[in-house]
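The next block holds one structure in the form of structure tokens; read it before the comments.
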Amino acid sequence: MALDQSFVGRTYPPTDPYEVGREKIREFAEAIGDPNPAYTDAEAAKALGHSDVIAPPTFVFAITFKAAGFVIADPQLGLDYNRVVHGDQKFAYRRPVRAGDRLTVTSTIEAIKTMAGNEVIDIRGEVHDEAGEHVVTAFTKLVARRAEEAA
10 MALDQSFVGR TYPPTDPYEV GREKIREFAE AIGDPNPAYT DAEAAKALGH SDVIAPPTFV
70 FAITFKAAGF VIADPQLGLD YNRVVHGDQK FAYRRPVRAG DRLTVTSTIE AIKTMAGNEV
130 IDIRGEVHDE AGEHVVTAFT KLVARRAEEA A
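Per our numbering, residue 10 is the first one in the sequence shown, and the count goes up by one each step.
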């Protein structure tokens, strides 16, 4: 079943605030093997002009993908998540994510296309801090593989 094209431009409600913690940043940096001291040492981060430790650029994926879950779970859209693979991910930063940030994400469907029988959906996640400052935009591409034909 084709995805409903009328959903292009639809914006979903913002997520509840996610509080970015130093320990979460440290764990993430460790998990991806990035030893940058700005991710674990507040003094090193301050020496670079930051108010506290900052997060690696891909850190926000966890909260932006969770926000994209509103789109994925929308039964009216018609997305069969059993056939979905993650196609691409990009981030456009205005400033780094910092420990202590309380971030919300608002997801919007940017495009829905059919390519080689697969459905491709582009989701934009706008991330703001609790003061309303835009922090980063995440661009997520999901591909719903074509259903296999019955033999």
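Positions of the beta carbon are idealized from the N, C-alpha and C atoms, including for glycine.
query                                                                                                             : result
Hey, V93 and L151 are a contact pair by Cβ (cut 8 Å); roughly how many whole angstroms apart?                     : 5 Å
To the nearest angstrom, how far is it from the Cα of A120 to the Cα of E52?                                      : 43 Å
Does S15 pass the burial test, meaning 16 or more other C-beta atoms within 10 Å, or should it be called exposed? : exposed
Check each candidate in A76, L12, T49 and name the one with the smallest Cα separation from T113.                 : A76
Strictly by DSSP, which residues pair up with V136?                                                               : V114, V145
So what does L151 bridge to, in DSSP terms?                                                                       : H95, I130
Does the CB of F100 have a neighbour CB from chain B at under 9 Å?                                                : Here chain B cannot be found, since the structure has a single protein chain.
On the CB-based measure, 16 or more other CB atoms within 10 Å of its CB, does L57 come out buried or exposed?    : exposed
Between the Cα of A82 and the Cα atoms of A71, A147, Y21, which residue gives the shortest distance?              : Y21
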